[in-house]
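K.L.:
The opening position of the sequence shown corresponds to residue 1 in the UniProt record's numbering, with each subsequent residue numbered one higher.
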Amino acid sequence: MNLNRYDRQERVKVIGKAGQQKLNSATVLIAGVGALGSYTASQLLRAGVKQLILIDPDVVSTTNLQRQALFTEQDVADGTFKVDAAKAHLLAIDHTAKINVYPEPLNESHLTDLTFDLVLDCLDNFRTRDLINKVALKHGFDYIFASCAGTFGSVMPVSPTEHACLNCLYPNLEDLKQTDCDLIGVNTALVPLVSGLQVSLALHYLVDKASVNFAQLTTIDNWQLSFQNFKINKDPACPVCSKRDWDLPKMESTEQVTVLCGTQTYSVQMSRSPKLAQLNQWLTDQAIPYRQFKSFSTFIWAGYSVSLFKTGKCLLYGIPTLKEATATYQKLKQAFQPVITEEATSL
Ligand SMILES: [Zn+2]
Numbered sequence: 001m002n003l004n005r006y007d008r009q010e011r012v013k014v015i016g017k018a019g020q021q022k023l024n025s026a027t028v029l030i031a032g033v034g035a036l037g038s039y040t041a042s043q044l045l046r047a048g049v050k051q052l053i054l055i056d057p058d059v060v061s062t063t064n065l066q067r068q069a070l071f072t073e074q075d076v077a078d079g080t081f082k083v084d085a086a087k088a089h090l091l092a093i094d095h096t097a098k099i100n101v102y103p104e105p106l107n108e109s110h111l112t113d114l115t116f117d118l119v120l121d122c123l124d125n126f127r128t129r130d131l132i133n134k135v136a137l138k139h140g141f142d143y144i145f146a147s148c149a150g151t152f153g154s155v156m157p158v159s160p161t162e163h164a165c166l167n168c169l170y171p172n173l174e175d176l177k178q179t180d181c182d183l184i185g186v187n188t189a190l191v192p193l194v195s196g197l198q199v200s201l202a203l204h205y206l207v208d209k210a211s212v213n214f215a216q217l218t219t220i221d222n223w224q225l226s227f228q229n230f231k232i233n234k235d236p237a238c239p240v241c242s243k244r245d246w247d248l249p250k251m252e253s254t255e256q257v258t259v260l261c262g263t264q265t266y267s268v269q270m271s272r273s274p275k276l277a278q279l280n281q282w283l284t285d286q287a288i289p290y291r292q293f294k295s296f297s298t299f300i301w302a303g304y305s306v307s308l309f310k311t312g313k314c315l316l317y318g319i320p321t322l323k324e325a326t327a328t329y330q331k332l333k334q335a336f337q338p339v340i341t342e343e344a345t346s347l
């Protein structure tokens, strides 16, 4: 007896055996593995998209559990990176999946150096969305925008070289980039609905890109149960996709501690930072245990988890206020002084 895992989906006319094969061989990059990203990753994998790239700098915290699938209290207790926790839970769904994880903030090189068929925007801030939009325009790839706020969700497939870009959809994108943190909150039940729409578009794209409607924004209100489609045209005066009058966004200024949206994680770009080998030696000398990853090391400092990347980016996790995060960072910087030998490479 041939037990075909995808039998029920191959029976769906618009997918069939040929479509399923396309899904099985596709690679999808998921930017942000929070509420949307965790649902989206698990649905995609169950649907047979076996190659996933997960990018998110954050660790799992208690306030995530209200809306983020895949994560557990044990992940919080272990201080696990979201991408690592997601990978472990996804491999429990399908042990043959190939999941590459990047526990770091999304940057241009992820979008230019990695190979993928589609990017899914599962982010929670417009600064990084602006980066995806512009890199997609520059390098000619497509992505699916999705957002959740309160009880209101939006989804749109974006192919910015030919169709409307994110700036055509939000002409006030520059202002949105300044409103860094979403204080509206997110209703638990909204997330799987928006993720379901995003994954529907992703599967449609991977099976039959030619029939995807890139001029359609879909919105949903999960309190009123209302669902609307809007036609979004490319704006001939759009400074981003039509006039191309922009530089790639600089993600943050040096030495300024900023909170990552909706988290207790803080990010700062150091102007001067130790090389990873020097940092690790210093941590060893101080008897501070650490874990080394390809591009960063993580350790506990003054009771808080800290990651230092070779780019000089520093992330501090689980700190209640910006004031305390800034003070903790200043002390850490002082402690680093003996091991700093050269300028950090700017992002
Ligand atoms: Zn545009």
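Glycine is no exception: its CB is placed at the ideal position from the N, C-alpha and C atoms.
Tell me whether V240, by its Cβ, gets closer than 6 Å to a heavy atom of ligand 1.
P.N.:
Sequence index remark: in the sequence shown, residue 240 carries index 240 (1-based). For ligand 1, at least one heavy atom lies less than 6 Å from the Cβ of V240.
K.L.:
Measuring alpha carbon to alpha carbon, tell me which residue in S305, V186 and I144 is nearest L29.
P.N.:
Against the sequence shown, residue 29 aligns to sequence position 29. It is I144 whose Cα lies nearest to the Cα of L29.
K.L.:
Going by alpha carbons, who is nearest to T218 out of K209, L111 and F152?
P.N.:
As a position in the sequence shown, residue 218 is number 218, starting the count at 1. T218 has its Cα closest to that of F152, out of K209, L111 and F152.
K.L.:
Report back the beta-carbon spacing between I184 and H110 to the nearest angstrom; my notes put them in contact at under 8 Å.
P.N.:
For this step, residue 184 is matched to residue 184 along the sequence shown. For this step, residue 110 is matched to residue 110 along the sequence shown. Not a contact, Cβ separation roughly 28 Å.
K.L.:
Are there three or more Cβ pairs, one per stretch, closer than 8 Å when the segment 233-243 is compared with the segment 44-61?
P.N.:
Verdict: no, contact absent.
K.L.:
Using the C-alpha atoms, what's the distance from C122 back to G32?
P.N.:
To locate residue 32, count along the sequence shown from 1; it is residue 32. To locate residue 122, count along the sequence shown from 1; it is residue 122. Taking the straight line joining both Cα atoms gives about 5 Å.
K.L.:
Does the beta-carbon distance from A35 to V259 come in below 7 Å?
P.N.:
Taking the sequence shown and counting its residues from 1, the one referred to as residue 35 is at position 35. Taking the sequence shown and counting its residues from 1, the one referred to as residue 259 is at position 259. Not closer than 7 Å, so no.
K.L.:
Check the C-beta distance from Y304 over to Y290 and give it rounded, since I have them as a contact under 8 Å.
P.N.:
As a working note, residue 304 is residue 304 in the sequence shown. As a working note, residue 290 is residue 290 in the sequence shown. Not a contact, Cβ separation roughly 14 Å.
K.L.:
Hey, could you find the ends of the alpha helix (DSSP H) N133 is sitting in?
P.N.:
As a working note, residue 133 is residue 133 in the sequence shown. Its alpha helix (DSSP H) spans residues F126 to H139.
K.L.:
Using only CA atoms, which one of K323, A287 and T328 lies nearest to V306?
P.N.:
Position 306 of the sequence shown, counted from the first residue, corresponds to residue 306. If we check each option's Cα against that of V306, T328 comes out closest.
K.L.:
Whole angstroms is fine: what's the gap from K177's alpha carbon to N64's?
P.N.:
Position 177 of the sequence shown, counted from the start, is the residue given in the question as residue 177. Position 64 of the sequence shown, counted from the start, is the residue given in the question as residue 64. Roughly 23 Å between the two C-alpha positions.
K.L.:
Looking only at C-alpha atoms, which of Q286, T284, W282 and T311 sits nearest to F296?
P.N.:
In the sequence shown, the residue the question calls residue 296 occupies position 296. It is T311.
K.L.:
Check for me: the beta strand (DSSP E) holding F336 runs from which residue to which?
P.N.:
Residue numbering aside, residue 336 sits at position 336 when the sequence shown is read from its first letter. It is not in any beta strand (DSSP E) - F336 instead sits in the alpha helix (DSSP H) that spans L322 to F336.
K.L.:
Should C261 be counted as a contact of ligand 1 given a C-beta to heavy atom distance under 6 Å?
P.N.:
In the sequence shown, counting from the first residue as 1, residue 261 sits at position 261. Not so, every heavy atom of ligand 1 lies at least 6 Å from the Cβ.
K.L.:
On the three-state DSSP scale, how would you describe C168?
P.N.:
Looking up residue 168 in the sequence shown gives position 168. Helix at C168.
K.L.:
Apart from the five residues just before and just after A344, which ones in its own chain have a Cβ nearer than 7 Å to its Cβ?
P.N.:
Mapped onto the sequence shown, residue 344 falls at position 344. Interpretation of A344 is limited by its pLDDT of 44, a score under 50 that renders its predicted location unreliable; the figure taken from the coordinates is listed afterwards. If we look at A344 and ignore the five residues flanking it on each side, its Cβ neighbours are M270, S271, R272, S273, T311 and G312.
K.L.:
Please return the same chain residues whose Cβ sits closer than 7 Å to the Cβ of Q330, not counting the five positions on each side in sequence.
P.N.:
Looking up residue 330 in the sequence shown gives position 330. Counting only Cβ-Cβ distances below 7 Å, and skipping sequence neighbours, we find nothing.
K.L.:
To the nearest whole angstrom, what separates the beta carbons of T186 and I220, a pair I think is in contact under 8 Å?
P.N.:
Locating residue 186 in the sequence shown gives position 186, counting from the first residue. Locating residue 220 in the sequence shown gives position 220, counting from the first residue. The sequence given here has Val at residue 186, not Thr. Between I220 and V186 the Cβ distance is about 13 Å, and since that is not below 8 Å, they are no contact.
K.L.:
Give the straight-line distance between the Cα atoms of D84 and T326, rounded to the nearest whole angstrom.
P.N.:
As a first step, residue 84 must be located in the sequence shown, where it is residue number 84. As a first step, residue 326 must be located in the sequence shown, where it is residue number 326. Distance between the alpha carbons of D84 and T326 is about 27 Å.
K.L.:
Which residues in the same chain have their Cβ closer than 6 Å to the Cβ of C238, if we skip the five residues on either side of it in sequence?
P.N.:
Mapped onto the sequence shown, residue 238 falls at position 238. Same-chain partners within the cutoff: N167 and C168.
K.L.:
Sorry if obvious, but does the Cβ on residue 378 come closer than 6 Å to a heavy atom of ligand 1?
P.N.:
With the chain running from 1 to 347 in the structure shown, residue 378 is simply not present.
K.L.:
With respect to 6 Å, is the separation between the Cβ of N133 and the closest non-hydrogen atom of ligand 1 below this value?
P.N.:
Residue 133 sits at position 133 when you count from the first residue of the sequence shown. Answer for N133: no, Cβ out of range of ligand 1.
K.L.:
Is the closest heavy atom of ligand 1 to the C-beta of N167 under 6 Å?
P.N.:
Working through the sequence shown from its first residue, we reach residue 167 at position 167. For ligand 1, at least one heavy atom lies less than 6 Å from the Cβ of N167.
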